[in-house]
Structure formats: C-alpha cells, structure tokens
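First comes the structure, then the notes that go with it.
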Amino acid sequence: MFMKHAKIAPARISEILTAAEAAGRAIPPAFPLDATVAVNPFLGQTGEDLAKASARLMRVAGTRATPSLTDYATRITEGRLTQADITAAWEAAAPATRPASPEVLIAMAKAATETAPVTPLPGIADLAAKATGIDWPSIIEKSVGLWAAGHFDRGQALWSAGPKDNAFAAWRAWASHDLTPEIAGLSGFCAHAAAAPDTTERAILRAAEALGLCAASAETVFHRLYMDLGGWAQHARWLLWQAELSGTTDTTLADLLAIRLIWDEALLAHIPTIAPDWAATRDAHSAPVEPDAETAALAILQEAAERAHQRSLIATLDGSGPAADTRPHLQAAFCIDVRSEVFRRALESVDPGIATVGFAGFFGLPLSHLAQGSDVAAAHLPVLLTPSLTTTSQADPATEQDIRIRARTRRAWGRFRQAAVSSFAFVEAAGPLYAGKLLRDALGLGHHATPPQPCPQVIGGLSPEAKADTAAAVLKAMSLRDGHGRFVLLLGHGGQVTNNPHESAYHCGACGGQTGEVSARLLATLLNDPETRAGLPARGITLPEDTLFIAGLHDTTTDKITLHDVATDTPEIARLRRWLDAAGRIARAERAATLPGATPDTIAARALNWAETRPEWGLAGCAAFIASPRASTAGKRLDGRAFLHSYTWQDDDGFATLELILTAPVVVASWISLQYYGSSVAPDVFGGGNKLIHNVTGGIGVTEGNGGRLRPGLPRQAVHDGARLMHDPLRLSVLIEAPAEAITDILARHDSLRALFDKGWLHLLRMHDGRVTERYRPGLAWEPVPSA
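Going by my numbering, the first residue of the sequence shown is number 1, and it counts up by one from there.
This is the structure:
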C-alpha cells in the first residue's frame with residue numbers, strides 16, 4: 001500500500017509508515033452494491049482472540065465484539081445457557097484471564113443490571129468539539145462524505161467529477177476551495193489543505209510529527225481515524241483488495257488516512273488548548289491493547305453460548321441417517337447456503353426417490369461472465385478466487401444491438417427525469433400519471449418477469465480434454481463419482497426483492513453476489529455434452545446413459561424453482577415440477593412462521609412489494625458448517641442454520657477435496673457468519689443502519705439520510721424484527737466427517753486457516769459415522785466429545 005520513502009528513512013519514518021500499513025490492514029473490505037458479498041468485519045483482527053479484538057475495538061470504535069452481560073444473563077435465566085456450558089468454556093479459557101471459577105462468571109452476568117456504554121479514546125475532533133461547542137466530528141464526516149461520494153462515484157451521478165486523480169490529490173484540489181470548514185470556524189483550512197505535502201507519505205509523516213505520534217501510539221490512532229471514516233475506508237480497502245488480486249496495489253486507503261490526519265493537524269493547531277488532553281489520549285494509545293476482566297469474561301460467556309448450540313447439534317446428529325440402497329430417481333444439487341437446508345429437507349420428504357447434494361453455488365466453475373447487453377464482465381465465483389473462464393450470454397449481433405439501443409433509451413429517459421432542470425418540469429407535467437404505477441407497485445402488481453438470457457457459453461470454447469477435465473473435477477468435488485440419478489438438478493440460487501439496494505446480498509455469496517443461474521446452466525450443458533461424457537471414464541467417472549442434467553434457479557425469497565433449457569415437458573419432467581412445487585409449499589410454511597406479518601400464501605407477494613423491509617431473512621441464524629455424507633444430516637431438522645456440504649472422505653484422493661473445502665467454502669461461510677455476528681453485536685459500527693432512511697450513494701453503498709458516513713454491513717432490518725434479534729450471534733461451528741490426521745495436516749500447511757480455529761473465530765468438530773466425536777483444540781490437538 002505504501003511506496004518506499006525517497007530518502008534514507010530514519011527509524012521513525014519506518015515506524016510511522018509501518019503503523020499506517022498495519023492500521024489499514026485492520027480494516028475489512030466492503031464490496032459495492034452491484035456485487036455485495038459478506039465480509040468478516042474482524043478480518044484484520046483474526047490473529048487475535050475475541051477478548052483482545054474486543055478490547056481493540058473498544059479503543060478505536062467504542063464497541064465491544066460480544067453481546068452484553070445482560071444478554072448472557074437472559075440466556076442463563078431462560079435455560080439456553082447451562083452451568084455445564086459455562087464450566088466447559090471456563091475450563092477451555094487461559095487461566096491467566098478467566099475469573100476464579102465458573103460460579104463467579106455466572107454471578108457477574110446475573111449481577112449486571114444494564115449495559116454500560118462504551119466510548120472510544122477521544123480523537124482530536126472530539127476534544128475540539130468539547131472545547132468549542134462545535135460538532136467537529138459531524139462536520140468532518142459530512143465534508144469527507146460529500147467529497148468521497150463524488151470522487152468514488154461508479155456511474156450513479158448525472159454529473160461526474162471529471163478526470164480522476166488519485167484520492168489525495170483530488171481531495172486537496174477540492175478542499176482548497178471548500179469553505180465549509182472555515183464557515184464552521186476553522187479559519188485558514190483551505191490554505192492549510194492547499195499547502196499540504198504533495199504526496200500521501202509526506203502528509204502522513206508531517207501530521208504524525210505535529211500530533212506527536214510514536215511507534216507505540218500511531219497504529220491505534222490511525223485505526224481510530226479509519227473507523228471514523230466508516231464505509232469509505234472499507235471501500236478503499238476493497239480497492240486495495242481488488243488491486244492485489246491482480247498483482248498490483250492501490251494507495252486510496254493511505255490517501256484517506258492522510259486526508260483525515262490533515263483535518264486533525266489543522267484542529268490541533270487552531271485550538272492549542274486541547275494539547276494536554278490530546279497528550280493524555282496519545283499516552284493511552286501507547287499502552288498495549290489488553291482486555292480488562294469484564295471483556296475477558298464476556299469472551300468466555302460467548303464461547304459458552306456457542307458450546308450450547310454445539311450441544312444441540314451433537315444431540316441432533318446421532319448417526320441415525322437413512323441408508324441409500326437404491327438409485328435415486330432425482331438428485332438435486334443445491335448451494336450450501338443455509339436457506340437451502342429448509343428446501344432440501346422439504347424436497348426429500350416429498351418422495352423417497354429424491355436425494356439432495358450440497359456444494360458451493362458456483363459449482364466449481366471460475367467464471368467471468370458477460371451478460372446480454374453488457375460489456376462489463378462480472379465475476380461469478382468466491383472473492384477469494386480469480387476467474388479463469390470467460391463466458392457470455394450475448395445473442396447474435398443484430399439482437400444484441402437492439403437490446404443495447406433499448407437500454408440506452410431507458411437510461412436517457414431516466415436521466416432526463418432526474419436532471420437538475422428537467423426534473424422539475426417532469427414532475428409538474430407527468431407526476432400525476434405515475435400515481436397508478438405507484439399504486440400497482442405498492443400492491444405488487446407492477447412486476448413483469450424478465451425473460452431468461454440465452455444459455456451461457458465459454459468464449460472460444462473448450463477442447464474435449466478440457467471439458468472432461470473440468471467435469472471430472474467438479475463431479476469429484478461434489479462427491480458424485482457414481483450413483484447418479486435419472487435426473488440431476490443443478491440449482492443455483494438468488495433472491496427476488498424489489499426496491500432494495502442490498503439485492504445482491506440476497507444472491508449467492510459463492511457467485512460473488514450474483515445469482516447462481518449462469519454457473520448452473522453452464523455446468524448442465526457441459527455434463528450433457530457427448531464429448532464430455534466420452535472423456536469421463538478415463539478420469540474415473542462413468543455416467544449412466546440415461547442421466548440428464550437440468551439447470552435451475554432456487555428463488556430463496558419465494559422458494560420457487562425455475563428450470564432452464566428444458567425443451568419439452570415430458571411426463572417425467574412434469575412430475576419433477578410437481579415435486580418441486582410441493583417442496584416449495586412446505587418450505588414457505590416453515591419460513592413464514594418467522595417473517596413478521598407473513599403467511600405461506602403472502603411470501604411471493606412480499607418479494608414484489610417495494611415497501612417490504614424484510615422480504616426474507618437471508619442467512620440470519622447461520623451457526624454451523626457441516627461437510628459429510630448427506631446420510632449424516634438427512635431427515636434432521638437444522639432450522640435453516642447450517643451450511644451443508646456433501647463430502648465423502650473415502651472417495652477423496654489425497655484429501656484434495658477436503659483441503660479445498662477447508663480453505664474456500666469454510667472461509668467464505670465464516671465471513672458470512674461473522675458479518676451477521678458483527679451487524680448484530682455492533683450495529684452502529686459494523687451494521688448498515690436503518691433501511692427506511694437509506695440513500696444509495698455513488699452506486700457503492702448507502703448512507704443514512706443526506707450524505708456523510710457510508711454504512712457497510714447488514715441493515716438493521718436484516719437481523720432484527722423490531723422487537724428482538726433474529727440472528728443469534730454465534731461464531732461458526734465447523735463439523736467435518738474425515739480422519740483427524742487429514743484435517744490436522746491441512747491446518748498445519750495453512751497458517752491463516754489454522755489461526756481462525758486457534759484464535760477461536762471458528763470452532764472445529766470432527767464427525768465419524770454421522771456422530772460428533774472430537775473437538776479441535778488450539779495447537780493442532782484434539783479432545784474427545786462426550787456423546788449427548
């Protein structure tokens with residue numbers, strides 16, 4: 001992120017720039033609205049345990065990384081958290097940080113009467129506000145937010161900001177003419193900004209000198225400033241993430257730090273009376289980050305809450321799964337998304353000839369896809385990976401041209417309606433005519449189904465060898481070497497919502513925030529291809545001649561299945577549709593019980609209602625990841641809380657598939673789990689705020705009201721029903737049915753993965769014959785788990 005300083009760098013320069021780099025790496029990326037994927041908000045703290053990360057966030061953001069003592073006291077009172085759960089968590093904690101006994105821990109929770117507010121160490125803007133009575137934090141937030149919305153705009157604005165300099169140079173040019181700070185009382189700020197050093201590094205170093213920062217204090221001071229910037233810092237972190245995926249770098253994150261430091265530099269010079277208070281704050285930043293007794297106790301209680309959920313899982317997974325002795329008539333492969341668990345269970349209950357499979361929804365195809373009428377290639381794969389295949393759904397040139405002309409016409413009409421001058425005349429003349437449209441949309445009657453795009457194709461095609469290699473790799477990873485049904489459904493998923501800026505967050509995380517339709521259709525085409533099938537026997541797979549692969553899309557909002565590329569509805573296909581419809585009715589009935597005001601018959605209408613703030617719960621409630629044969633979980637009610645990945649270790653040559661599961665789907669699932677966790681326990685810092693006052697900004701994210709801080713994370717309505725949290729904030733429990741030696745070997749070779757388990761951000765349990773038998777302990781150790 002930082003370039004090497006031009007001069008021979010003294011130790012102080014190196015220390016300050018190292019601290020700035022570390023603070024930037026502590027910020028998680030936030031993906032734009034058009035491809036929102038869940039990101040672990042604690043991504044920069046995964047080298048620390050929960051208690052220390054919580055202490056750090058208390059210092060820099062004024063929030064804990066756990067629920068409060070009163071929340072745990074409620075769990076204890078309601079019997080959801082038992083003495084045995086708390087004792088087990090206490091025994092697993094480091095003796096130096098835990099209370100004297102489990103009983104003391106319980107007494108601490110029960111004695112808590114209210115949640116004490118947590119405040120971060122004050123910044124210079126906070127001290128200046130206290131000294132002057134002027135709300136400098138708010139002024140800075142709005143000023144930086146206004147500039148950032150224009151600078152980072154991705155095509156939403158009607159008037160662009162012009163050629164883009166780097167962020168720091170662009171801000172200096174803007175700030176040297178913005179009189180807002182001077183009107184608020186910060187005289188000379190325009191000149192101060194104009195006279196700032198002309199490089200990011202020099203600006204950071206000069207400001208650090210003015211603020212008296214040293215190596216010990218700088219990192220959390222810088223981290224505090226990044227947290228003040230909210231989603232703008234996370235957007236800059238995403239720009240760096242994207243650059244590093246392509247082997248380059250990006251300086252925007254450092255630019256934002258320089259901008260924020262220039263504000264503090266000016267305030268400290270303008271209000272010198274705050275210098276003593278700032279010196280005391282700086283000293284507090286110099287102290288090592290260590291959890292206090294309450295923070296350490298909260299981390300143990302959180303571990304206890306997670307063990308309580310594991311206790312329920314251990315009792316449910318009792319090894320009594322059904323045996324699959326006959327060939328299934330229908331196999332349906334779903335994404336591992338927790339919403340699929342409800343539908344899979346419902347579908348299997350419809351007929352004994354149905355079996356289901358779980359696999360990451362991009363189906364192992366690393367695609368970059370050009371949709372019809374678009375020149376923008378969208379990545380349809382997990383954000384941890386890079387595409388290696390480019391596909392397109394574009395039609396013949398004449399049809400494509402017609403589609404693009406119609407799209408340009410719609411855009412021109414939209415811009416005319418919104419332009420600074422014509423918008424007023426438009427509302428006067430045409431506004432009343434939109435009353436009918438408004439009423440139809442409010443009643444969910446204005447929706448017109450979008451016809452499916454042409455079947456995707458690989459640009460340039462694939463050789464017969466490449467087809468067979470790709471198909472064999474996918475089928476082996478899906479544990480589908482043999483036993484294929486007469487029909488195999490490949491079901492991607494997506495969510496149908498209306499007037500929701502976070503629409504892509506309801507789609508497939510494994511597909512980079514896109515729906516899974518493209519991946520499912522491409523794989524079905526590949527597996528039905530005679531050239532592919534001819535090459536599979538040499539790769540250890542023989543498909544029955546009558547097996548037909550069919551692609552479809554599972555709408556997770558309505559629990560309806562759309563089948564693609566089916567030429568005719570034969571009696572067999574008609575029966576499949578009846579099975580899918582019956583399963584959808586069962587799934588809707590189960591889900592309706594948790595959606596405020598919903599009934600099984602109104603769920604589809606909610607998806608079309610532009611005023612509906614809770615069309616579905618998304619992945620709220622996610623708490624476990626299970627990789628095992630379906631027999632281990634079939635028939636077990638897991639309440640839509642578990643990611644289910646099909647895996648049979650006996651068929652896994654060299655445990656390559658197990659390694660892939662642990663390093664990709666497990667990590668992605670942990671990001672999802674921890675984003676829901678962070679949006680629930682720290683909504684003011686990691687949550688997306690209130691949907692009712694969201695404004696889409698720059699096509700990047702949302703702000704609450706008129707500008708200011710960009711809000712990353714999940715809206716409050718995505719995790720809360722208005723009366724209580726609908727997401728139980730638990731770190732993910734990962735259950736793997738495989739030999740302990742194989743799992744240990746993989747963890748030993750992947751340090752960042754091992755850290756997630758060693759530091760407690762994930763729990764790891766081992767299964768054998770459908771039962772949980774062992775628990776992973778930090779340091780590549782295992783301990784037996786008593787049977788329930």
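The C-beta atom is built at its ideal place from N, Cα and C for all residues, glycine as well.
As the structure is a computational prediction, the values presented were derived from the model and not from experiment.
Identify every residue that forms a DSSP beta bridge with residue i.
i: N695; result: T703
i: Q514; result: C508
i: I626; result: L644 and L735
i: L489; result: A332 and I550
i: T390; result: S368
i: G689; result: P715
i: Y776; result: W782
What span of residues does the alpha helix (DSSP H) with residue i cover, start to end?
i: M726; result: Run containing M726: none; DSSP gives neither H nor E here.
i: D555; result: Per DSSP, D555 belongs to no alpha helix (DSSP H); it is in the beta strand (DSSP E), L548 to D555.
i: M227; result: A215 to L229
i: S368; result: From DSSP, S368 is part of no alpha helix (DSSP H) but of the beta strand (DSSP E) over L367 to L370.
i: E306; result: A293 to T316
i: K130; result: I124 to T132
i: A589; result: P571 to A592
i: H502; result: Unbroken run through H502: none, as it is neither H nor E.
i: L17; result: A11 to R25
i: H285; result: A275 to S286
i: A169; result: A167 to A175
Taking residue i as part of the beta strand (DSSP E), name the residues at either end of that continuous run.
i: F359; result: I354 to F359
i: C335; result: L330 to C335
i: I761; result: Per the sequence presented here, residue 761 reads as Trp, with Ile not at that position. Taken as a continuous stretch (DSSP letters only), W761 belongs to no beta strand (DSSP E), as it is neither H nor E.
i: W782; result: A781 to P784
i: K636; result: Segment: none, K636 is in no beta strand (DSSP E) and carries neither H nor E.
i: T562; result: K560 to H564
i: A100; result: Where A100 is concerned, there is no enclosing beta strand (DSSP E), given that its DSSP letter is neither H nor E.
i: H380; result: A377 to H380
Taking C-beta to C-beta, are residue i and residue j nearer than 8 Å?
i: A112; j: A73; result: yes
i: C622; j: V338; result: yes
i: L213; j: V221; result: yes
i: F362; j: S519; result: yes
i: D292; j: F168; result: no
i: V357; j: A583; result: no
i: I354; j: L347; result: yes
i: Q675; j: V39; result: yes
i: K142; j: G708; result: yes
i: A378; j: S54; result: no
i: D725; j: G688; result: For the sequence presented, residue 725 should be read as Leu rather than Asp. The answer is no: Cβ separation not under 8 Å.
i: A296; j: A51; result: yes
i: A308; j: L489; result: no
i: W171; j: W147; result: yes
Out of the options, state which residue places its alpha-carbon closest to the alpha-carbon of residue i.
i: R521; options: Q394, G495, P544 and L491; result: L491
i: P102; options: K110, A96, T87 and A92; result: T87
i: V734; options: R709, A466, P29 and V667; result: V667
i: S632; options: A100, A55 and D318; result: D318
i: G760; options: G47, E737 and A656; result: G47
i: F757; options: W782, E737, T773 and G699; result: W782
i: E590; options: T70, F343 and D569; result: F343
i: S286; options: T251, A218 and T450; result: A218
i: Q717; options: A620, A742 and E209; result: A620
i: D402; options: L385, L389 and Q372; result: Q372
i: W90; options: E78, G79, T77 and V104; result: V104
i: I140; options: W232, L211 and I672; result: W232
i: T132; options: L186, S393 and L389; result: L186
i: F625; options: N609, I661 and T594; result: I661
i: P596; options: V719, L69 and L225; result: V719
i: A473; options: P452, G535, A207 and P501; result: G535
i: R106; options: G516, F686 and A84; result: What sits at residue 106 in the sequence shown is Ile, not Arg. Closest by alpha carbon: A84.
i: G701; options: S504, I586 and T542; result: S504
Spell out a yes or no on whether the segment 764-784 and the segment 303-319 are touching, meaning 3 or more CB-CB pairs, one atom from each, closer than 8 Å. yes
Per the contact definition of three or more C-beta pairs closer than 8 Å, is the segment 24-33 in contact with the segment 637-653? no
Counting beta carbon pairs with one atom in the segment 260-278 and one in the segment 125-135, are three or more of them shorter than 8 Å? yes
Should the segment 633-640 be regarded as contacting the segment 460-478, the criterion being three or more beta carbon pairs within less than 8 Å? No contact exists between the segment 633-640 and the segment 460-478.
Quick check: the segment 366-382 against the segment 681-697, are there 3 or more CB pairs under 8 Å? no
Are there three or more Cβ pairs, one per stretch, closer than 8 Å when the segment 545-552 is compared with the segment 560-575? yes
Check whether the segment 697-711 and the segment 735-752 are in contact - that is, three or more C-beta pairs closer than 8 Å. no
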